[in-house]
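The structure appears right after this line, and notes come after that.
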């Protein structure tokens with residue numbers, strides 16, 4: 001395959017670190033049995049490996065109990081687990097117009113079933129949620145507040161510590177969607193007053209697709225909504241209530257868990273903070289280059305200190321689908337066009353049904369690639 | 385010839401947004417963005433009418449080259465060509481092809497060729 005300039009890291013980071021992939025193959029070849037199912041040594045060792053990753057993730061996110069690190073398939077899967085396992089009939093949820101469909105659709109579904117109601121707080125012209133709006137939206141029957149940490153469309157980092165303080169004062173749990181932030185922004189859910197966090201492994205955590213999960217605080221209960229084999233309490237037909245198994249029916253994705261471990265190792269070696277600064281510097285270079293182009297419109301704040309490496313753009317007189325196709329076919333640059341599964345963000349931005357062209361940088365992009373993207377956009381926009 | 389994979393969709397999907405128009409002597413169903421719902425309803429006359437409606441009074445040989453390539457590729461493979469396949473198949477850059485059609489690549493070339501509306505939401 002021809003080399004591409006990959007600027008779709010907000011969808012999934014690519015490529016993955018070679019050493020992480022090699023580690024996955026080696027460990028899976030040696031320990032890829034069903035963890036915790038069976039008394040033979042290898043199964044015990046696989047279980048220890050899984051528990052070791054739970055401990056690391058718990059520490060990584062500031063959790064308070066490794067048994068409350070729950071593995072799921074991805075952030076959407078984890079969000080479904082926590083939403084459906086935490087709502088009660090007649091309840092109310094506060095969320096925002098910045099959310100991805102992984103939040104909007106479960107909430108919409110539950111409201112359609114007559115089980116809950118919800119309110120979506122707006123975001124300002126720069127792409128930030130106001131904590132006071134969250135406070136105002138909370139009702140006596142609000143069961144939790146569920147917000148994205150970072151917008152997948154604008155890259156804006158939300159004021160979660162301030163919102164956490166609001167939620168603590170109101171006595172309402174806060175659930176955080178860290179699909180875009182986990183692995184690139186230091187997160188401390190205990191310090192921030194967050195009750196539950198959903199993450200995915202295949203973005204900035206640099207693991208493979210198919211692995212993600214939840215980190216729950218001890219004070220926050222989630223009821224199981226899926227039932228089956230867990231490897232414990234097998235004599236009972238009632239699904240176990242013991243964490244983490246109560247939320248993990250079926251054999252775990254041990255290959256994905258190994259990949260998560262390898263990703264965490266990579267971040268520890270290469271320093272997450274350094275990766276963040278580098279990505280923000282690349283995004284700034286991209287933003288400043290695109291801002292020079294007459295027919296290019298940019299969205300969100302021009303300051304990079306409160307956003308990640310995501311830049312949303314449009315070219316006057318062209319639909320984003322065509323811009324993306326030309327970037328790919330003529331210039332070998334991969335971006336994500338359209339609505340980014342966040343239709344309410346685009347509705348608020350006025351980018352409607354067509355959406356925009358999203359450039360998202362990752363740990364392996366270079367300044368030269370950013371310059372190529374700017375030059376490509378310059379050539380395309382000059383054709384108008 | 386196999387039925388193109390992208391031409392079918394679940395019964396009722398987006399049906400409320402569909403429009404039936406009488407075009408070139410046939411009743412043709414279009415989706416909300418003006419794409420044919422059933423690619424097999426396409427004819428060259430339909431393409432000419434859609435082109436005129438988009439402000440393209442005459443389809444030149446180059447336009448027909450693009451439209452025929454898209455259709456032939458789609459009917460043979462059950463999907464639209466990849467970006468690089470369209471570029472190499474026509475021998476023009478995508479930017480040049482985009483500029484040929486008032487609606488560009490998607491709403492112009494692809495729609496006039498009668499290919500289904502791509503469903504990737506982005």
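Chains as they are written, first to last, in this note's numbering: chain A, 1 to 384; chain B, 385 to 506. In this text, a Cβ means the ideal position worked out from N, Cα and C, and glycines have one as well.
- Contacts between residue 348(A) and chain B, judged by CB atoms closer than 7 angstroms, are missing: the closest CB pair is about 16 angstroms apart.
- DSSP places residue 19(A) in the helix class (H, G or I) of the three-state scheme.
- At a Cβ-Cβ threshold of 7 angstroms, residue 311(A) and residue 10(A) do not count as neighbours.
- One thing to note: residue 104(A) has its Cβ no nearer than 7 angstroms to the Cβ of residue 118(A).
- With a 10 Å radius around the Cβ and a threshold of 16 neighbouring Cβ atoms, residue 384(A) comes out exposed.
- For the set 16(A), 374(A) and 213(A), the Cα lying nearest the Cα of residue 66(A) is the one of 213(A).
- Every alpha helix (DSSP H) stretch that sits fully inside the region 96-146 of chain A and reaches 4 residues is listed by chain position as 101-112 and 131-137.
- The beta carbon of residue 381(A) sits no closer than 7 angstroms to any beta carbon of chain B.
- Interface residue (Cβ-Cβ distance to chain A less than 7 angstroms): residue 420(B) is not classified as such.
- If you ignore the 5 residues before and after residue 279(A), its C-beta comes within less than 8 angstroms of the C-beta of 184, 308, 309, 361, 362, 363 and 365, all in its own chain and listed in chain order.
- Boundaries for residue 319(A): no beta strand (DSSP E) harbours it, and the DSSP string shows neither H nor E there.
- Residue pairing of residue 243(A) in beta bridges, as defined by DSSP: absent, with no partner found.
- DSSP places residue 277(A) inside the alpha helix (DSSP H), whose first and last residues are 272-291.
- DSSP places residue 480(B) in the helix class (H, G or I) of the three-state scheme.
- It is roughly 29 angstroms from the alpha-carbon of residue 128(A) to the alpha-carbon of residue 69(A).
- Annotation: the continuous beta strand (DSSP E) that includes residue 297(A) extends over 296-299.
- The three-state secondary structure of residue 40(A), taken from DSSP, is coil.
- In the three-state reduction of the DSSP assignment, residue 79(A) falls in the helix class, which pools H, G and I.
- The residues 335, 337 and 357, in chain order, have a CB closer than 7 angstroms to that of residue 324(A) in the same chain once the five nearest residues on each side in sequence are set aside.
- The residues 62, in chain order, have a CB closer than 6 angstroms to that of residue 188(A) in the same chain once the five nearest residues on each side in sequence are set aside.
- Look at the region 155-187 of chain A: it has no residue with a C-beta under 7 angstroms from a C-beta of chain B.
- A straight-line Cα-Cα distance of about 16 angstroms links residue 486(B) and residue 381(A).
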